[in-house]
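Numbering (our numbering), first residue to last: 712 to 963. Where is the CB? At the ideal position from N, CA and C, for every residue including glycine. Here the structure is a predicted model, which is why all the values come from computation and not from measurement. Below is one structure; the comments refer to it alone.
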Ligand SMILES: NC(=O)c1ccc[n+]([C@@H]2O[C@H](COP(=O)([O-])OP(=O)(O)OC[C@H]3O[C@@H](n4cnc5c(N)ncnc54)[C@H](O)[C@@H]3O)[C@@H](O)[C@H]2O)c1
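The structure is reproduced here in structure tokens:
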């Protein structure tokens, strides 16, 4: 079912590249106006400029912000609401994924991973709720990971813990805001071909690929398609759900 998002406005974090950029492009292709939030200024400017060239400058808003900063998060939401006249869709996608072995994870790295991957989503959900309540079709989609369901084998334990936390945040908030007509869901991708995984050694990539029944990594567009579905009217009765996009790695 095609997803018509005409007249909707969206904010996507970690949107300068990878899954976030694919989500932003997909939302825009379906008619939404999109704020792209990222902490990497040069990549954000390039990606937002390219997307604006394809979909129209009025439909794309680049916002430089670190998702771990409450004041920057509030500023990002305010910028999107001001530019678009409201906010209907929030996609919490920004994340980092160190592969550090458990006994080598220090306190600072643990705190940083939890701050970007979990606190950032909490801050954006809280900041966006007033605008999402004013929307007649408020949607939150969190980008978790299959490691949040299975535990991290090759990725770090802090990463897996943060992604499990994101699933619990999704369910908690889904209950709390259902009465406002806002749905809250998450997607749990398996390994996806982005800059994040391109940095892995060829041996590690082969080991991970061999575990996936479909025999390959996901494309970023395949994750974006699931996010767009959850953001659209076709998913209007789905909330608190975890949508597996994992090539069969975890069947439950
Ligand atoms: N690639 C995979 O295999 C995979 C699998 C499962 C889940 N995920 C999740 O999908 C999401 C996107 O992954 P990706 O592969 O596209 O990653 P990526 O590294 O290609 O892109 C992540 C983006 O997030 C931005 N970002 C990082 N920290 C930020 C911060 N503090 N504030 C604002 N922006 C910040 C980066 O600048 C970057 O543009 C992440 O949450 C990741 O955990 C990825």
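Distance from the C-beta of residue 831 to the nearest heavy atom of ligand 1 is below 7 Å.
Rounded to whole angstroms, the gap between the alpha carbons of residue 946 and residue 751 is 32 Å. Residue 771: member of the beta strand (DSSP E) spanning 771 to 775, first to last residue. Per DSSP, reduced to three states, the secondary structure at residue 741 is coil, with no helix or strand assignment. The three-state secondary structure of residue 850, taken from DSSP, is strand. Segment contact: the region 886 to 905 against the region 939 to 958, three or more CB-CB distances shorter than 8 Å; contact assigned. Selection 913, 924 and 802 evaluated against residue 749 yields 802 as nearest (Cα-Cα).
Here the region 855 to 867 makes contact with the region 899 to 906; the two share three or more CB pairs at distances below 8 Å. Annotation for residue 816 indicates a beta carbon at 7 Å or more from all heavy atoms of ligand 1.
Note on residue 938: 16 or more other CB atoms within 10 angstroms of its CB, so buried under the neighbour-count rule. Assignment of residue 804 by DSSP, reduced to helix, strand and coil, places it in the coil class. With respect to residue 779, residue 827 sits close: the two C-beta atoms are nearer than 8 Å. Relative to ligand 1, even the nearest heavy atom lies 7 Å or more away from the CB of residue 953.
Taking C-beta separations shorter than 6 Å and ignoring five residues to either side along the sequence, the partners of residue 744 in its chain run 720, 770 and 795, following chain order.
Burial state of residue 943 is buried, judged by a 10 Å Cβ sphere holding 16 or more other Cβ atoms. In this structure, DSSP gives residue 751 a state outside helix and strand, which the three-state scheme calls coil. When the five nearest sequence neighbours on each side are left out, the beta carbons in the same chain lying within less than 7 Å of the beta carbon of residue 846 are those of 797, 798 and 799, in order along the chain. For residue 723, the three-state secondary structure derived from DSSP is strand. For residue 961, the Cβ stays outside the 7 Å cut-off from all heavy atoms of ligand 1.
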